[in-house]
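2 protein chains.
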Amino acid sequence: MRLLRACCVVCFFRLRSGAMVLHLVPRWSARLFRASAGWRRTYAQGASVGLKWLACPRGMYSPLACRGYSSVPGSPEVMLTSERYPVQRLPFSTVSEEDLAAFECIIPGRVITDPEQLQACNVDWLRTVRGCSKVLLRPKTSEEVSQILRHCHKRNLAVNPQGGNTGMVGGSVPVFDEVILSTALMNQVISFHDVSGILVCQAGCVLEELSRYVQERNFIMPLDLGAKGSCHIGGNVATNAGGLRFLRYGSLRGTVLGLEVVLADGTILNCLTSLRKDNTGYDLKQLFIGSEGTLGVITAVSILCPPRPKAVNVAFLGCPGFPEVLQTFSTCKGMLGEILSAFEFMDTECMQLVGQHLHLTNPVQESPFYVLVETSGSSAGHDAEKLTSVLEQVLNSGLVSDGTMATNQTKVQMLWALRERITEALSRDGYVFKYDLSLPVERLYDLVIDVRTRLGPRAKHVVGYGHLGDGNLHLNVTAEAFSQELLGALEPYVYAWTAEQRGSVSAEHGLGFKKKTVLGYSKPPVAVKLMKQLKALLDPKGILNPYKTLPAQA
Amino acid sequence: MRLLRACCVVCFFRLRSGAMVLHLVPRWSARLFRASAGWRRTYAQGASVGLKWLACPRGMYSPLACRGYSSVPGSPEVMLTSERYPVQRLPFSTVSEEDLAAFECIIPGRVITDPEQLQACNVDWLRTVRGCSKVLLRPKTSEEVSQILRHCHKRNLAVNPQGGNTGMVGGSVPVFDEVILSTALMNQVISFHDVSGILVCQAGCVLEELSRYVQERNFIMPLDLGAKGSCHIGGNVATNAGGLRFLRYGSLRGTVLGLEVVLADGTILNCLTSLRKDNTGYDLKQLFIGSEGTLGVITAVSILCPPRPKAVNVAFLGCPGFPEVLQTFSTCKGMLGEILSAFEFMDTECMQLVGQHLHLTNPVQESPFYVLVETSGSSAGHDAEKLTSVLEQVLNSGLVSDGTMATNQTKVQMLWALRERITEALSRDGYVFKYDLSLPVERLYDLVIDVRTRLGPRAKHVVGYGHLGDGNLHLNVTAEAFSQELLGALEPYVYAWTAEQRGSVSAEHGLGFKKKTVLGYSKPPVAVKLMKQLKALLDPKGILNPYKTLPAQA
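So the protein sequences, as listed, match chains A and B. The first sequence begins at 0 in numbering that gives the first Met the number 0 and counts up one residue at a time. The second sequence begins at 0 in numbering that gives the first Met the number 0 and counts up one residue at a time.
Written out as structure tokens, the structure is:
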């Protein structure tokens with residue numbers, strides 16, 4: 000096997016067993032800059048993770064436009080959540096003229112009641128749920144949030160906290176007429192410490208902007224995800240977002256050092272410390288991480304940013320089977336060790352869909368499975384050597400049948416696009432039934448095969464992809480249109496299958512509105528009961544993001 | 000500067016600017032095996048972190064023996080907590096003959112009432128607090144713990160959960176006559192997954208034994224601390240122990256994947272999942288991490304173990320001043336990146352004390368400060384190159400005046416001993432006032448200087464050392480004997496100083512009994528109120544580890 004090393008190569012090279020050419024150069028991942036032209040932030044910001052396309056220059060696909068986004072003239076309206084789902088409005092008050100006047104006193108000029116402007120923040124980006132809120136509030140400070148919540152609490156008005164509105168489970172839009180409390184204008188960096196890498200900022204800061212901010216200071220954000228151009232850091236924390244850097248930098252439960260939260264009654268809970276270690280009493284911030292806005296409104300975040308790696312490399316490989324994918328993962332873990340920063344996989348149907356709908360080209364020979372391996376390290380030369388050894392080994396041992404490696408930003412971006420744009424390709428394929436599951440890695444793909452067999456020709460496509468390194472499968476099923484029969488074939492089958500493996504029915508997307516009824520598949524009744532007690536303790540009137548996360552009281 | 004590289008060198012080499020000789024070989028840190036001869040586990044196991052010497056072969060110092068451990072004939076008794084501190088017994092029931100009979104039914108033969116046997120688990124290892132419990136229970140299963148707590152809850156009997164009894168703040172022993180509930184016999188590994196590195200085990204497993212278990216399978220525990228030979232994993236989690244690997248592998252809040260907990264009323268809460276990602280509802284396990292046994296009794300733990308590094312190197316360096324320590328840290332962070340696994344510091348007084356009391360030799364020239372740098376990586380050659388570059392830089396730039404590097408297990412152990420045995424040396428120096436603080440790194444040592452000036456000749460020694468990489472200072476003051484006047488000069492001064500820097504008055508040791516009154520220096524009243532509400536929700540009768548963690552109700 001011949002190995003060549005060079006610097007500053009501007010294209011990427013195929014690797015085939017028997018003839019491998021490697022070119023690795025130190026650089027920073029282009030992923031951080033990719034596709035930004037196709038993403039636009041609007042004033043309606045919402046919690047959690049996902050993708051959002053509102054403007055599509057350069058021919059990019061917009062699912063919102065194609066599937067009837069209401070801002071497009073003549074597009075069909077999304078069915079109201081209360082019409083599609085069996086949900087009853089709880090006895091909250093309705094917003095009165097006096098309430099609007101009170102809000103106007105608190106945040107003059109930032110009380111939005113114009114129906115046109117309200118449309119976008121009443122609908123989730125997937126266009127599957129729609130509320131009918133009559134008012135959007137845009138505070139700039141925690142004190143304003145506090146005053147708003149104090150008023151709502153007193154008046155028994157339900158509140159829907161909203162970040163970038165990029166959630167996958169209907170958690171970030173109202174179900175009925177909840178007051179929408181947007182963090183969009185809470186977008187200031189409060190402090191950044193150049194030695195420790197600790198960032199303190201308001202909850203409405205957009206992840207991509209924070210990424211840029213800390214990169215200029217030689218750090219990176221500990222999380223990265225497709226929706227970075229829209230999602231807010233507060234929403235990320237409220238969802239406990241996983242994303243693409245989880246394998247390397249771990250959970251937000253470790254990297255979030257402090258939070259400021261406004262409780263349901265307007266009390267400001269300041270746990271916004273910037274300390275790596277703090278064992279003084281119970282760690283209250285953990286209550287709010289992943290609570291999807293149901294226990295309090297996160298208004299500021301203190302987060303530990305890792306140093307910016309000096310070298311990032313991406314390899315895209317074809318594998319002959321899922322056992323080989325698993326073995327490739329083990330090999331990478333063992334040989335790349337501390338520099339392995341992502342290990343993603345997708346099946347051949349995913350590749351077909353990104354080809355068919357997005358005209359992306361498969362850079363390697365057709366294979367049943369593909370994996371994307373990313374390394375991030377402090378020495379380009381060392382990282383290249385390690386990755387080379389790994390690639391030699393997996394090619395020679397037949398674990399990988401073909402591969403390619405990117406050496407510049409554009410090509411890195413191209414490889415990541417194959418993985419990251421699967422969601423978009425699926426949206427073009429028809430109605431999508433989406434499942435985000437944690438499973439033991441060795442059983443992870445069995446579910447895809449089972450579901451494919453079970454559905455037969457009723458489904459257009461049954462695909463599996465995701466963060467293999469974290470045991471996180473995205474199982475997606477497409478059909479021409481929504482069908483109750485198909486849904487019945489999928490659920491509770493998928494959830495029961497997952498529960499049997501002691502998996503999680505929501506690995507990283509949360510439960511929001513759409514998954515709250517399946518909580519019991521992953522958590523025992525004792526746990527669900529305690530969750531409800533916590534909700535009752537922190538929000539006794541239940542005004543914060545009602546109808547979300549927890550199943551309705553029996 | 001001349002650089003030589005070789006393999007399997009059995010001694011270590013001085014580094015001086017202008018003439019550096021480096022020998023680095025791949026190996027596993029000897030720290031994991033060091034000093035085990037001087038450590039012994041007894042049947043009394045207790046929560047949290049710290050050190051414990053019960054047997055001292057090979058001339059090792061035993062603070063327990065020297066400072067009057069009750070098992071030593073003629074040694075003075077430790078004053079009862081209720082006599083030394085202003086604490087009132089709460090109106091719990093007292094253990095009756097009927098209670099003992101009930102316990103005997105649940106765990107036949109494992110109800111200990113022999114006063115001799117009870118002595119050790121009524122006293123903390125620092126010999127500062129002593130309870131007067133009349134009964135020690137040694138369950139083997141969660142079901143037994145459940146039955147015990149159900150009985151205690153019904154009977155209003157207070158319970159003191161105890162792991163390895165290695166805590167630093169009096170959290171792991173009874174204050175009055177609480178029933179001691181030991182996890183010592185709950186010491187079984189439940190499962191280990193060879194690919195993911197996920198370990199599931201009972202709460203009473205000793206950390207060092209778990210370390211050995213996973214090392215044999217090519218993984219390591221994500222935490223390591225001096226008390227590893229005695230402390231229980233359940234106690235580590237209950238304390239949210241930090242320790243020596245925190246810098247690299249982060250908080251237990253990220254690495255603990257699941258817990259099984261028995262609640263105050265005996266309900267078993269099973270959140271013992273083995274998933275890296277799980278966003279189904281609130282993350283209840285976080286409530287119990289760091290709650291010091293006051294919210295529930297941890298009975299089993301699921302924890303993610305990192306792969307065992309192929310190469311570990313340790314350098315011990317002398318620095319001319321604290322600014323140089325900080326700059327050395329920045330240099331290491333920048334140049335060692337992902338392989339930096341520890342950055343510890345100690346001042347010159349620490350070195351004098353380990354020399355004076357333990358006869359350890361300073362391996363470098365006398366300096367105002369010393370740092371210990373450890374790397375752990377997947378390639379011995381690459382790691383050596385990186386460390387060499389760092390050492391060249393810090394020596395050439397004057398940040399470091401002298402240094403030494405260990406290349407074999409014995410020498411690595413010797414270098415680590417200089418840092419790890421400071422606590423022991425302090426104990427030999429007299430009565431020790433101990434503070435475990437999180438502070439902004441750039442102000443961290445200012446407190447030591449301030450306190451030294453403030454106390455003047457009233458203190459024997461005022462020393463600073465700790466986990467610089469985590470911003471964690473251990474400030475220790477020694478005196479001939481306990482003195483109320485000295486205490487008055489230290490407190491609340493130290494806490495107020497820390498609060499002014501927005502630091503934490505307990506970085507990793509927790510609050511336990513001895514620090515619970517200072518919670519307010521690091522947490523606002525709103526947070527303290529919410530903590531009390533959580534305690535009331537989870538343990539309405541307050542039977543779990545009473546008088547700990549939270550200040551008494553107003």
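From the three backbone atoms N, C-alpha and C, an ideal C-beta is built for every residue, glycine too. Keep in mind that this is a model prediction, so the values were computed, not measured.
Within chain B, the residues that residue i reaches when beta carbons sit closer than 7 Å
i	result
A:Asn-471	Lys-276
A:Lys-332	Pro-306
A:Lys-522	Thr-279 and Gly-280
Cross-chain neighbours of residue i in chain A, by beta carbon under 7 Å
i	result
B:Thr-548	Gly-280
B:Gly-234	Here the premise fails: no neighbours, minimum Cβ distance about 13 Å.
B:Ile-557	For chain B, the structure presents residues 0 to 553; residue 557 of chain B sits outside this window and is missing.
B:Met-404	Those do not exist, as B:Met-404 stays about 19 Å from chain A at its closest Cβ, beyond 7 Å.
Where residue i falls: helix, strand or coil (DSSP)
i	result
B:Cys-554	Residue 554 of chain B is absent from the structure shown; chain B starts at 0 and stops at 553.
A:Lys-433	strand
A:Asp-449	helix
A:His-152	helix
A:Asp-98	helix
B:Met-404	strand
B:Ser-190	strand
A:Ile-421	helix
B:Ala-478	strand
A:Leu-359	coil
A:Thr-374	strand
A:Pro-539	coil
A:Gln-285	helix
A:Gly-108	coil
B:Tyr-68	Caution is warranted here: a pLDDT of 31 is assigned to B:Tyr-68, below 50, making its placement in the model unreliable, and the coordinate value is therefore given only provisionally. B:Tyr-68 falls in the coil class under three-state DSSP.
B:Gly-242	coil
B:Asn-121	helix
A:Pro-160	strand
B:Ala-36	Caution applies to B:Ala-36, whose pLDDT of 27 falls short of 50 and renders its modelled position unreliable; the model cannot decide the point.
DSSP beta-bridge partners of residue i
i	result
A:Arg-573	Only positions 0 to 553 of chain A appear in this structure, which leaves residue 573 of chain A out of reach.
B:Tyr-369	B:Gly-317 and B:Met-345
B:Ser-301	B:Val-199 and B:Gly-257
B:Pro-306	B:Phe-218
Cβ-Cβ separation, residue j to residue i (assumed contact under 8 Å), whole Å
i	j	result
A:Met-334	A:Arg-418	22 Å between Cβ atoms; not a contact.
B:Glu-348	B:His-460	5 Å
A:Leu-117	A:Leu-99	Not really, about 13 Å apart at Cβ, beyond 8 Å.
B:Val-213	B:Ser-229	Actually they are not in contact, since the Cβ atoms of B:Val-213 and B:Ser-229 sit about 18 Å apart, beyond 8 Å.
A:Leu-533	A:Leu-286	7 Å
B:Val-236	B:Val-300	6 Å
A:Leu-454	A:Gly-502	20 Å between Cβ atoms; not a contact.
B:Phe-175	B:Arg-88	5 Å
Chain-ordered chain A contacts of residue i [CB-CB under 8 Å]
i	result
B:Leu-518	Thr-279 and Gly-280
B:His-381	Ser-378, His-381, Glu-384 and Lys-385
B:Leu-536	Gln-532, Leu-533 and Leu-536
Near the ligand ADP: residue i beta-carbon under 8 Å from a heavy atom
i	result
B:Lys-514	As far as ligands go, the structure on display features none, and thus does not contain the ligand ADP.
8 Å Cβ cut-off: residues of chain B touching residue i
i	result
A:Ala-506	Leu-274, Lys-276, Asp-277 and Asn-278
A:Ala-526	Leu-268, Asn-269, Cys-270, Gly-280 and Leu-283
Neighbour list for residue i in chain B, Cβ cutoff strictly below 9 Å
i	result
A:Arg-252	Ser-250, Arg-252, Gly-253, Asp-282 and Gln-285
Contacts that residue i makes with chain A (C-beta to C-beta distance below 9 Å)
i	result
B:Gly-541	Going along chain A, no residue has its Cβ under 9 Å from B:Gly-541, so there is no contact; the nearest lies around 15 Å.
For the region 314 to 327 of chain A, which residues have a CB atom closer than 7 Å to at least one CB atom of chain B, in sequence order?
-> none
Could you run through the region 474 to 495 of chain A and flag, in chain order, every residue whose CB is less than 8 Å away from some CB of chain B?
-> none
What residues in the region 74 to 86 of chain B have a beta carbon less than 7 Å from any beta carbon of chain A?
-> none
Given a limit of 9 Å on CB to CB distance, which residues of the region 157 to 180 of chain B reach chain A?
-> Per Cβ criterion, the list is empty.
If contact means a Cβ-Cβ distance below 9 Å, which residues of the region 437 to 454 of chain B contact chain A?
-> Ser-437, Leu-438, Pro-439, Val-440 and Glu-441
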